[in-house]
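Notes for the one structure printed next.
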DNA sequence: AAATAAAATTAGGTATAACTAATTTTATTT
DNA sequence: AAATAAAATTAGTTATACCTAATTTTATTT
């Protein structure tokens, strides 16, 4: 079994690898976890010894088969618990991430599968992220962000790239949730901010960083 | 906030205080947690500094108001999660304790109350133990054990004092659950074992240790 | 290619929470 | 009351997982 820290490293490595295809450096992991790079080097050694990752200066950090399996399970549990917290317990969008960060480490073998069944085998979590199946397979993921949508086009919010409270609270304030229709009205060249229409509401302007955090379908 | 270890100590202290009125010694805590007495002395200092307990060689260890509040909340979470695991996820009687040991440490402020509501404000957990209310109050507890029942009397199983897998699996095998009718047919003087009738079944003999672990109403 | 900057690594240190072994204190026998 | 046993405590050690500071390696400029 893996410790809490080990699990958090595995999860971070998986998330980084999903975000881009660049090689995963100790610095990137340090940044993702808010840890010192020296600590990361320690943990890389530990995870390598446990055969959960492989590390090569040229290729960076890679998950082994076992490491991938373990980290996908953590993500699976995280997202299932998020569905549970929102749908069953009535928590708000911006509260569930932090609680799921703790719940994901509860370690019983059957827990994820039973929870999955109890929830009716959901495919996406409340942020639109795909929930890995029991066999490790992922439903299809959305990768086009609102920032890449052409002017005039109307699309639907499919997922969010940022699960932090401030971001999600801002979305609530704007009236944006998963499935909300958004039309891109104008792109301001100066700073790539977007003028958008959210469902039937008045126009709003949002920053580039904001539009990059919204994935659409 | 309290660490995982601190929480486990608080919980152990509460449980010991509920079991008997004798003073709580470092040795008793060490035994309950399976730790070395020296470790317990360290932790007593820490919890005293945090004003969660008071320690006096004469009076032993006592929970302060805050310590009591914290430890009751842990027990509350533990027992609520047990109900969830059994009723909602379909885990068996003997599986839920260990999972709840992990779940009880998840720390969101509203989690226990929301879970409580979701479960319909249950009063007892699947082992018959009373679930502390949000205000810290306990439903009435059963304290008479099967070992104290007079010969000939029929009673109902209200709770179990032991939540270990082997014990619970034995209960399942015998056909005993919370609410099961049990009649005491004979008490063997030699070793205080009991001959009992479980609902309508044939007679069985059970040991003293066994009958002491069953609380009745 | 040399100089500089950035990244990775090593060395050594800290806090937590456990441990063993030795000692002191308290309780129980004789 | 002295002897013995048990309990509590202290002193010192270990593993985990982090840290800072210094050094080495690698990458980027000039």
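Protein chains in written order, with this note's numbering: chain U, 1 to 217; chain A, 1 to 217.
Virtual Cβ for every residue (Gly too), placed ideally from N, Cα, C.
Relative to the Cα of residue 133 of chain U, the nearest Cα in the group U/123, U/196 and U/127 belongs to U/123. Straight across, the Cα-Cα distance linking residue 178 of chain U with residue 188 of chain U is about 25 Å. Just so you know, the alpha carbons of residue 36 of chain U and residue 25 of chain U end up roughly 13 Å apart. Nearest CB-CB separation between residue 106 of chain U and chain A: below the 8 Å threshold. The beta carbons of residue 105 of chain A and residue 4 of chain A sit about 6 Å from each other, so the pair counts as a contact at 8 Å. As DSSP reads the structure, residue 198 of chain U sits in a beta bridge with U/182. A Cβ-Cβ separation of about 5 Å places residue 29 of chain A in contact with residue 40 of chain A under the 8 Å criterion.
Within a 10 Å sphere around the beta-carbon of residue 1 of chain A sit fewer than 16 other beta-carbons, which makes this residue exposed. For residue 102 of chain U, a Cβ of chain A is located within less than 8 Å of the residue's own Cβ.
The beta carbon of residue 82 of chain U sits closer than 8 Å to those of 96, 97, 100, 125, 126 and 127, all from its chain and outside the five residues before and after it, given in chain order.
With a threshold of 16 other beta carbon atoms within 10 Å, residue 22 of chain U falls short and is exposed. DSSP links residue 53 of chain A through a beta bridge to A/63. Under the three-state reduction of DSSP, residue 146 of chain A is assigned to helix. Contact between residue 115 of chain U and residue 115 of chain A is ruled out by a C-beta separation of about 14 Å, above the 8 Å threshold. Judged by DSSP secondary structure, residue 156 of chain U falls within the beta strand (DSSP E) whose first and last residues are 154 to 160. Taking 8 Å as the Cβ-Cβ cut-off, the segment 70 to 94 of chain U approaches chain A at 88, 89, 90 and 91, given in chain order. Residue 204 of chain A sits in a strand when the DSSP states are folded into three classes. In this model, residue 150 of chain A and residue 138 of chain A are separated by some 28 Å (Cα to Cα). In the displayed model, residue 44 of chain A falls within a helix according to three-state DSSP. Considering only beta carbons, no part of the segment 152 to 167 of chain A lies closer than 8 Å to chain U. Your pair residue 157 of chain U and residue 184 of chain U does not check out as a contact, with CB atoms roughly 12 Å apart and the cut at 8 Å.
For residue 89 of chain U, the three-state secondary structure derived from DSSP is coil.
For the 8 Å CB-CB criterion, residue 94 of chain A and residue 192 of chain A do not form a contact. Rounded to the nearest whole angstrom, the C-alpha separation of residue 197 of chain A and residue 77 of chain A is 35 Å. Here the alpha carbons of residue 91 of chain A and residue 203 of chain A stand approximately 29 Å from one another. Residue ranges of uninterrupted alpha helix (DSSP H) with 4 or more members, entirely inside the segment 70 to 126 of chain U and ordered along the chain, are 96 to 103 and 111 to 118. With fewer than 16 other CB atoms across the displayed protein chains lying within 10 angstroms of its CB, residue 144 of chain A is exposed.
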